[in-house]
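Numbering (this note's numbering), first residue to last: 172 to 263.
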């Protein structure tokens, strides 16, 4: 297997986690439960590899095991769409 695609997805996962950490704000990354990402069919991203890389990156501090939620779309889009944060309260 060619390791280059995995390196590509790992660099994307690291950038997605950086964006999520920035959006969560100071100390907020540990409360992020889900990171929503949209990935286009023509974005040149291997979804299985990206999912694996995101799970590994989000398991490490400052995150506390957040899960990726990847939505496939047509086109070449690649963006962080939302963060689901655990506020410590019971679900509504």
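Here a beta-carbon is modelled for each residue, glycine too, at the ideal position from N, C-alpha and C.
- Considering only 202, 260 and 206, the residue with the shortest C-alpha distance to residue 185 is 206.
- Residue 193 counts as exposed, since fewer than 16 other beta carbons sit within 10 angstroms of its beta carbon.
- Excluding residues up to 5 positions away in sequence, 204 and 205 lie with their Cβ nearer than 6 Å to the Cβ of residue 255 in the same chain.
- If you draw a straight line from the Cα of residue 233 to the Cα of residue 190, it comes to about 13 Å.
- Shown here, residue 202 sits in a helix according to DSSP, grouped into three states.
- Here DSSP, grouped into helix, strand and coil, assigns residue 260 to coil.
- DSSP lists no bridge partner for residue 196.
- Between residue 259 and the set 202, 240 and 183, the nearest pair of CA atoms involves 202.
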